[in-house]
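J.:
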Amino acid sequence: MLFYVAANPHCTVDEIADALVLTHRTVWGLIGDLRRARMLHVHKDGRRHRYEVDLDAPFLHPCMDGYTLRAVLGQISTTAHAQAPALS
Numbered sequence: 126m127l128f129y130v131a132a133n134p135h136c137t138v139d140e141i142a143d144a145l146v147l148t149h150r151t152v153w154g155l156i157g158d159l160r161r162a163r164m165l166h167v168h169k170d171g172r173r174h175r176y177e178v179d180l181d182a183p184f185l186h187p188c189m190d191g192y193t194l195r196a197v198l199g200q201i202s203t204t205a206h207a208q209a210p211a212l213s
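Sequential numbering from 126 applies to the sequence shown in this note's numbering.
1) Check this for me: beta carbons of residue 178 and residue 138, under 8 Å apart or not?
2) Have a look at residue 184 and residue 164 and give me their C-alpha separation to the nearest angstrom.
3) Considering only the alpha carbon of each residue, which of 143, 159, 144 and 147 lies closest to residue 123?
4) Would you kindly work out how many angstroms separate the C-alpha atoms of residue 135 and residue 174, rounded to a whole number?
5) Which residues bound the alpha helix (DSSP H) around residue 152?
6) Could you tell me whether the Cβ atoms of residue 189 and residue 155 are closer together than 8 Å?
7) Going by C-alpha to C-alpha distance, which of 140, 169 and 168 sits closest to residue 152?
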């Protein structure tokens, strides 16, 4: 899910669920887990939620010990943010 959010910075829960073939409940559970792990930030934007991957958070997998999410997701996120249209 982090890869999807990094590549699609203005995505909604519906879009995440549809793209990853998950239920909304599962997506909300993953969002909660990722927030608690400080890998994902949720910002309220009017009636919508905006999701932002914290690229400086540590990658929480034994084989990636010592790396941040930037090492894995940095280029994906940078490219996606540059190509994404601004929200009004």
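Built from N, CA and C at the ideal position, the CB exists for glycine as well.
In this text the structure is predicted, and so the values were computed from the model without any measurement.
T.: According to the structure data:
1) Within the sequence shown, the letter at position 53 stands for residue 178. Within the sequence shown, the letter at position 13 stands for residue 138. Taking 8 Å as the cut-off, the beta carbon of residue 178 is found no closer than this to the beta carbon of residue 138.
2) Counting from 1 along the sequence shown, the entry for residue 184 is found at position 59. Counting from 1 along the sequence shown, the entry for residue 164 is found at position 39. Distance between the alpha carbons of residue 184 and residue 164 is about 8 Å.
3) Residue 123 cannot be examined here, being either before or after the span of the chain that is shown, 126 to 213.
4) As a working mapping, residue 135 is identified with position 10 in the sequence shown. As a working mapping, residue 174 is identified with position 49 in the sequence shown. If you take the alpha carbons of residue 135 and residue 174, they lie about 9 Å apart.
5) For the purposes of this step, residue 152 is identified with residue 27 of the sequence shown, where counting begins at 1. 149-161 is the span of the alpha helix (DSSP H), which, as asked, contains residue 152.
6) Within the sequence shown, residue 189 is the residue found at index 64, counting from 1. Within the sequence shown, residue 155 is the residue found at index 30, counting from 1. For residue 189 and residue 155, no; Cβs fall outside 8 Å.
7) By 1-based counting over the sequence shown, the position of residue 152 is 27. Among 140, 169 and 168, the Cα nearest to that of residue 152 belongs to 140.
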